[in-house]
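As structure tokens, the structure follows; a few thoughts come after it.
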Amino acid sequence: MSGSDPKGRVSPAKGLDVPALRRDLLDWFDRSGRDLPWRRRRTPYRTWISEIMLQQTTVAAVQPYFQAFLERFPDPAALAAASEDEVLALWSGLGYYRRARLLHQAAGVVVRERGGALPDSAEEWASLPGIGDYAAGAIASMALGERVPAVDANARRVLLRWVCAGPLEADGISPRELRALAEELVDEGRPGDWNEAIMDLGATVCAARIPRCRECPVLGHCRAGLGGRAEQVPAAMPRPGTVRIMLAALVIRAGDAVLLVPSGAPRVGLAPRGAEVFRSDFSSLNRGCWGPPTTDWFREDETVAWDPAQVWGPYLASLGLPSLTAGSFLAAGTVTHTITRHRLGIRVFALDLPTGGGGDPEFIKKDLTGAIFPVYPEGRGQRAIGQGDPVTPPLSRMATKILACGIKAGG
Numbered sequence: 001m002s003g004s005d006p007k008g009r010v011s012p013a014k015g016l017d018v019p020a021l022r023r024d025l026l027d028w029f030d031r032s033g034r035d036l037p038w039r040r041r042r043t044p045y046r047t048w049i050s051e052i053m054l055q056q057t058t059v060a061a062v063q064p065y066f067q068a069f070l071e072r073f074p075d076p077a078a079l080a081a082a083s084e085d086e087v088l089a090l091w092s093g094l095g096y097y098r099r100a101r102l103l104h105q106a107a108g109v110v111v112r113e114r115g116g117a118l119p120d121s122a123e124e125w126a127s128l129p130g131i132g133d134y135a136a137g138a139i140a141s142m143a144l145g146e147r148v149p150a151v152d153a154n155a156r157r158v159l160l161r162w163v164c165a166g167p168l169e170a171d172g173i174s175p176r177e178l179r180a181l182a183e184e185l186v187d188e189g190r191p192g193d194w195n196e197a198i199m200d201l202g203a204t205v206c207a208a209r210i211p212r213c214r215e216c217p218v219l220g221h222c223r224a225g226l227g228g229r230a231e232q233v234p235a236a237m238p239r240p241g242t243v244r245i246m247l248a249a250l251v252i253r254a255g256d257a258v259l260l261v262p263s264g265a266p267r268v269g270l271a272p273r274g275a276e277v278f279r280s281d282f283s284s285l286n287r288g289c290w291g292p293p294t295t296d297w298f299r300e301d302e303t304v305a306w307d308p309a310q311v312w313g314p315y316l317a318s319l320g321l322p323s324l325t326a327g328s329f330l331a332a333g334t335v336t337h338t339i340t341r342h343r344l345g346i347r348v349f350a351l352d353l354p355t356g357g358g359g360d361p362e363f364i365k366k367d368l369t370g371a372i373f374p375v376y377p378e379g380r381g382q383r384a385i386g387q388g389d390p391v392t393p394p395l396s397r398m399a400t401k402i403l404a405c406g407i408k409a410g411g
């Protein structure tokens, strides 16, 4: 039994049979650990990419992106040499684009300041942009064999259930105490496997809601589980209420191409009459990605009527298009999208432009503040209006949904 350390201090793992706990969990991991692409060949670079992709994103969502990203950027030098737009294009649809920008910045630091050599300790990894204590510990333990913990939300929940009989006791555990517990428990010989085993246990058995305690390989070591209170530990945090938002998007179509603008461009659609603006500054949202023109966000109000000519008329006039009436627009439908606690209902309108012999819109100005790119309904580039080569811009997941709705409408 672990009771105290050689200096006489009380061990964070007091009451746990640490050797038996390690044995039981690692035996289970050897039998039941998840088969994931990044685990099949562990390198620091592959582990780094996977850990950044997995932040706030499910394993199922990450798997299709992981191999494609590595094929395009097989090492830090290739990643650093790419433009941010290239990196964002491969990240398109994965969400939380700040991760991709910081990943690109970190690769630049590795190449410029370290000669392309990746860090060889958790402390050094934590000095790179976008890498916190969890990611640093995960990379160092799994790819380098360093005996350091990797405490994410799953690991925190598992650790608290092992040592706390109820939610009040768990509330009394400070972050520093939890870190000390995690450090003491890491297996000396298999630190990476230990951290992955805790993650897998939390993801598949020791779930936040409805934990499957009867299937748990370490139930005998778990105070909360043995007391029948695992679901109460840690205490659930109150969830912020959902904010329902409405906005509109305009898919301007010209043959096989559509008009896209950068995410930082001002919102160009006017507010529908009676709408209450909820958000108008989008400088930090999906930065570096492209999408169709949209309005500000408004608080959901079923009494508001969308008049597309009123909403989009001034913007279209700025493009040099002739005056348009509501009948010029096609109501393509409504798509939904969730960003944190915001539930977006997006009214999508489509507008077809006449094209001349060269494929350019007949009336559109050439000095656009945005840019025109090609997009297939499934989101792949075909031919840019007025440009010769195919271009695939980085698209946010929300933009992809809007385009799928607007491009197919009326077809």
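The numbering of the sequence shown is the working numbering, which starts it at 1 and goes up by one.
Beta carbons: idealized from backbone N, C-alpha and C, even for Gly.
Anyone know if the C-beta pair for LEU351 and ARG267 falls short of 8 Å? no
Does the segment 102-117 come into contact with the segment 25-34, if we say contact requires no fewer than three beta-carbon pairs (one atom in each stretch) closer than 8 Å? no
In whole angstroms, give me the CA-to-CA distance for PRO76 and ALA107. 5 Å
For ILE339, report the span of its beta strand (DSSP E) as first-last. 330-339
Residue span of the beta strand (DSSP E) that contains VAL243, given as start and end: 243-254
Classification of PRO175 by the beta-carbon crowding that lies within 10 angstroms, buried from 16 upward: exposed
What residues are listed by DSSP as bridge partners for ARG299? ILE245
Straight-line gap, ILE52 to LEU128 (C-alpha atoms, nearest Å): 12 Å
Could you tell me which residues DSSP puts in a beta bridge with ALA350? VAL251, LEU330
Scan the segment 90-164 and note each continuous alpha helix (DSSP H) run of 4 residues or more that stays entirely inside, going in chain order. 98-114, 122-125, 133-144, 153-163
From GLN105, ARG244, CYS213, MET246, pick the residue whose C-alpha is nearest to that of GLN232; which is it? CYS213
Around the Cβ of SER92, are there at least 16 other Cβ atoms within 10 angstroms (buried) or fewer (exposed)? buried
Coarse secondary structure for ARG279, derived from DSSP in three states: strand
Across the segment 200-219 and the segment 171-188, are there enough close Cβ pairs to call them in contact, namely three or more that are closer than 8 Å? no
Am I right that LEU403 and VAL258 are in contact with their C-beta atoms under 8 Å? What's the rounded C-beta distance? 7 Å
Contacting residues, own chain, Cβ-Cβ under 7 Å from GLN56 (five flanking each side not counted): TYR96
Which stretch, first to last residue, makes up the beta strand (DSSP E) that contains VAL261? 257-262
Cβ pair count under 8 Å reaching 3, the segment 130-144 against the segment 186-198: yes
Please report the straight-line C-alpha distance between ASP389 and GLY406, rounded to a whole angstrom. Residue placement at ASP389 cannot be trusted, given a pLDDT of 38 that sits under 50; what the coordinates show is reported in the next sentence. Cα to Cα, the separation comes out at about 23 Å.
Can you tell me whether THR58 is buried or exposed? The criterion is at least 16 other CB atoms within 10 Å of its CB, across all chains shown. exposed
What residues in its chain sit with their C-beta under 7 Å from that of PHE69, if we drop five residues either side in the sequence? ILE49, LEU90
Alpha carbon of GLN63 to alpha carbon of PHE73, nearest angstrom: 16 Å
Three-state secondary structure (DSSP) of THR57: coil
Count the other CB atoms, across all protein chains shown, that sit within 10 Å of the CB of ARG34; report buried if there are 16 or more and exposed otherwise. exposed
Can you check which of these residues, ILE339, GLY274, GLY269, GLU196, is closest to ARG39 by C-alpha distance? GLU196
Exposed or buried, ASP187, counting other C-beta atoms within 10 Å across all chains shown (16 or more means buried)? buried
Rounded to the nearest angstrom, what separates ASP281 and VAL251 at their Cα positions? 21 Å
What does a CB cutoff of less than 8 Å around ALA275 pick up in its chain, not counting 5 residues either side in sequence? MET246, PHE298, ARG299, ASP301, VAL304
Among all the DSSP beta bridges, which residues are the ones paired with TRP290? PRO262, LEU395
Out of GLN67, ASP24, LEU21, which has the shortest C-alpha to C-alpha gap to ARG41? GLN67
Residues of its chain near ALA153, where Cβ-Cβ distance is below 6 Å and the 5 sequence neighbours each way are ignored: none
Helix or strand or just coil, what does DSSP make of LEU88? helix
Which residues in the same chain as GLU215 place their Cβ atom closer than 8 Å to its Cβ, once the five residues preceding and following it in sequence are excluded? VAL205
Output needed for ALA60: all residues of its chain with C-beta closer than 8 Å, excluding positions within five of it in sequence on either side, in chain order. none
Short check: CB of LEU226 to CB of ALA13, under 8 Å? no
ALA122 to ALA150, Cα distance in whole Å? 10 Å
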